[in-house]
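To start, the structure itself, in structure tokens.
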Amino acid sequence: MGKFTKFLTGTALVLSMASAAQAAETITISSWLPPSHPVNTGMLEGLIDMMEAATGGEVTGEIKMGLAPPPAQMDLVMDGAADMTIIFHGYQPGRFVGSKLIEVPGYEGSAEAASVAYWRVQTEYLDALDEHRGTKLVALTTHGPGQVHSNKEVKTLADLQGLKTRLGGGVSADVGAELGLVGIQVPAPKVYETLDSGAADAVAMNMGERISFKLNEVAKNVYEMPGGFYRGSFAVIMSQDKFDSLPENLQTALDEQVFGETASRMMGKVWDESDAQARAETEAAADNTIVTASAEDQAAFAEMGQRVREKVLAELEAAGVDAQAAYEMVVAEMAKETE
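Numbering-wise, this note's numbering puts 226 at position 218 of the sequence shown, and it's gapless, one number per residue.
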């Protein structure tokens, strides 16, 4: 091969590589959680890995922090300031009703099982509500059982009466009212300083947040209700315009191999792993305690939980959802995943 031919071949290779690099689509992903939070390190990074694997590297992602406060994330995507984000439904009271279904007390099973069941019931019953309209729904997930973490010792349900407690919104607020908590609403990233300053006595969160938000330093006591007091609903949403701008083969790859139940399952697993790690660290810490509710208090809370479920199912029914059937589907699908 002559020098000129080699030059042309080399040039063509370089241009081909440059063209391939230029062809890669980067999805800008907004996050409002701390960089080390499992949502970022496990879920969103995991989603990027899955997108790259499904598209042969033609679609990737970049996580950007602090683009907007938590309640503004959906609007951020709809306005085109980010391509994708994760939202907590409870931060926007009144905007979402369907998400409350997965948050009610009484479900048995892991966050993975709940997240998979959530996606399935979404496609069967909740899509009709069109609550994520204007965006593409990528995944749904719920954290593990929510418990009460306090800087005061709590041994019984009665000890919760009047306790100033940070609640995340959604069903946790309904549960808080049943428990007699004095609800304080601040975004999750503000929890540490809220507890440290004494503005709140406690927080309702899943076990994993003892590490993520350093609750083990400012809320050294956990009052645990088996199955949890509630769960918390999240969604990953994407700009529909951004998705539509992708070549059809990439859209198909993402829809068939990543988005939906697959991504939801992955996210649920991350919640479970985070909860397990935090539990182990809490049990190992000399100055942290976990008190499990007595059988009597469990029975009392079961009655409270039933009232909360009835309230939520009535809201869903009023919105046009066959609420009882949807609830029973969640229970059944979680049971399948737990077998």
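Beta carbons are placed, not taken as given, at the ideal position from N, Cα and C, and that holds for glycine.
Given a cut-off of 8 Å on the beta-carbon distance, is the pair residue i and residue j in contact?
{"i": "residue 151", "j": "residue 218", "result": "no"}
{"i": "residue 299", "j": "residue 230", "result": "yes"}
{"i": "residue 190", "j": "residue 203", "result": "no"}
{"i": "residue 136", "j": "residue 180", "result": "no"}
{"i": "residue 134", "j": "residue 106", "result": "yes"}
{"i": "residue 96", "j": "residue 176", "result": "yes"}
{"i": "residue 232", "j": "residue 155", "result": "yes"}
{"i": "residue 68", "j": "residue 258", "result": "no"}
Taking the continuous alpha helix (DSSP H) assigned at residue i, which residues delimit it?
{"i": "residue 104", "result": "Careful: residue 104 lies outside any alpha helix (DSSP H) and carries neither H nor E."}
{"i": "residue 219", "result": "217-220"}
{"i": "residue 313", "result": "303-326"}
Using the DSSP secondary-structure output, state which residues sit across from residue i in a beta bridge.
{"i": "residue 212", "result": "156"}
{"i": "residue 56", "result": "The partner list for residue 56 (beta bridge, DSSP) is empty, contrary to what the question assumes."}
{"i": "residue 243", "result": "95, 148"}
Quick one: what does DSSP say residue i is sitting in, helix, strand or coil?
{"i": "residue 344", "result": "helix"}
{"i": "residue 296", "result": "coil"}
{"i": "residue 337", "result": "helix"}
{"i": "residue 141", "result": "coil"}
{"i": "residue 233", "result": "coil"}
{"i": "residue 282", "result": "helix"}
{"i": "residue 174", "result": "strand"}
{"i": "residue 189", "result": "coil"}
{"i": "residue 72", "result": "strand"}
{"i": "residue 183", "result": "helix"}
{"i": "residue 67", "result": "strand"}
{"i": "residue 238", "result": "strand"}
{"i": "residue 169", "result": "coil"}
{"i": "residue 267", "result": "coil"}
{"i": "residue 130", "result": "helix"}
Mind checking which residues open and close the beta strand (DSSP E) that includes residue i?
{"i": "residue 35", "result": "33-39"}
So does the stretch 238-245 actually touch the stretch 100-110, counting three or more Cβ pairs closer than 8 Å? Yes, the stretch 238-245 is in contact with the stretch 100-110.
Do the stretch 31-38 and the stretch 77-90 meet, that is, are 3 or more Cβ pairs less than 8 Å apart? As far as the Cβ criterion goes, the stretch 31-38 touches the stretch 77-90, which means the pair count is three or higher.
Tell me whether the stretch 316-328 and the stretch 112-130 touch, counting them as touching only if at least three CB pairs, one residue from each stretch, are closer than 8 Å. Counting C-beta pairs with one atom in each stretch, the stretch 316-328 and the stretch 112-130 have three or more that are closer than 8 Å, which means they touch.
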